[in-house]
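J.: For the sequence shown, the working numbering begins at 580 and goes up steadily by one.
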Amino acid sequence: MSEPTRLCALVELPDGAAERFDVDGHRLCVVRLGESVYVIGDRCSHADVSLSEGEIEDCTIECPKHGSAFDLRTGAALSLPAVRPVPTYRSTVVDGDVLVELHDPAEVTSAGAS
Ligand code: FES
Numbered sequence: 580m581s582e583p584t585r586l587c588a589l590v591e592l593p594d595g596a597a598e599r600f601d602v603d604g605h606r607l608c609v610v611r612l613g614e615s616v617y618v619i620g621d622r623c624s625h626a627d628v629s630l631s632e633g634e635i636e637d638c639t640i641e642c643p644k645h646g647s648a649f650d651l652r653t654g655a656a657l658s659l660p661a662v663r664p665v666p667t668y669r670s671t672v673v674d675g676d677v678l679v680e681l682h683d684p685a686e687v688t689s690a691g692a693s
């Protein structure tokens, strides 16, 4: 089990928008919605496109290339053409800092929602 990694302060994240972080070889799409932070893999499962450049709506993000929507909570692809989920990463806010648990994405896509 690895130590959570600090990404930034919560106040540095724009509310309702996505930011990309590259940390230890992980490409992350980080979305703040109010006091909640969601972290998913930044690479669309359909092609190598950065999801953090997509639009946020409710708790989904839309791929800027072909429009597939992904659930920020589960990483599930909600609309075509993408059919595979993107990885999700557990995140917490501690004393105003956003922490993320990095892991091999392969571990998570089969783990299901918790
Ligand atoms: S690259 Fe994301 S839906 Fe095609």
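Glycine included, every Cβ here is placed at the ideal spot set by N, Cα and C.
By the three-class DSSP mapping on this structure, what secondary structure does Leu678 have?
T.: Residue 678 sits at position 99 when you count from the first residue of the sequence shown. Reduced to three states, the DSSP call for Leu678 is strand.
J.: With a threshold of 8 angstroms on Cβ separation, who are the neighbours of Leu590 within its own chain once the five nearest residues in sequence on each side are excluded?
T.: Indexing the sequence shown from 1 puts residue 590 at position 11. As written in the sequence, residue 590 is Val, which differs from the Leu given in the question. The residues are Gly675.
J.: Could you check which residue in Leu586, Ala596, Val628 and Tyr668 has the C-alpha nearest to that of His645?
T.: Residue numbering aside, residue 645 sits at position 66 when the sequence shown is read from its first letter. Looking at the Cα atoms, Val628 is the closest of the given residues.
J.: Per DSSP, which residues does Leu607 bridge with? Please list them.
T.: Counted from its first residue, the sequence shown places residue 607 at position 28. Its beta-bridge partners are Phe600 and Gly620.
J.: Tell me whether Pro666 counts as near the ligand FES, meaning its Cβ is closer than 8 angstroms to at least one heavy atom of that ligand.
T.: Position 87 of the sequence shown, counted from the first residue, corresponds to residue 666. It does not: the Cβ of Pro666 is nowhere closer than 8 angstroms to a heavy atom of the ligand FES.
J.: Which of helix, strand or coil does DSSP assign to Ser581?
T.: Stepping through the sequence shown from its first residue, residue 581 is reached at position 2. Note: Ser581 maps to coil in three-state DSSP.
J.: For Phe600, which of Glu641, Glu632 and Pro660 has the nearest alpha-carbon?
T.: Within the sequence shown, numbered from 1, the residue matching residue 600 stands at position 21. Here the closest residue by C-alpha is Glu632.
J.: Tell me, to the nearest whole angstrom, how far the beta carbon of Leu586 is from that of Val679; I am working on the premise that it is less than 8 angstroms.
T.: Reading the sequence shown from its first residue, position 7 is the one you call residue 586. Reading the sequence shown from its first residue, position 100 is the one you call residue 679. Indeed they touch by this definition, with Cβ atoms about 6 angstroms apart.
J.: Are there any heavy atoms of the ligand FES lying less than 8 angstroms away from the beta-carbon of Ala626, as far as the coordinates show?
T.: By 1-based counting over the sequence shown, the position of residue 626 is 47. At least one heavy atom of the ligand FES is nearer than 8 angstroms to the Cβ of Ala626, so yes.
J.: Considering Cα atoms alone, identify which of Cys642, Val672 and Thr671 is closest to Val665.
T.: Walking along the sequence shown from the start, residue 665 turns up at place 86. For the residues Cys642, Val672 and Thr671, the minimum Cα distance to Val665 belongs to Cys642.
J.: Any heavy atom of the ligand FES closer than 8 angstroms to the CB of Ala661?
T.: Residue 661 sits at position 82 when you count from the first residue of the sequence shown. Within the cutoff, so yes.
J.: Kindly list the residues whose CB is nearer than 7 angstroms to the CB of Leu659, restricted to its own chain and excluding five residues on each side of it in sequence; keep chain order.
T.: What you label residue 659 is simply residue 80 of the sequence shown in a count that begins at 1. Excluding positions up to five away in sequence, the list reads Ser647.
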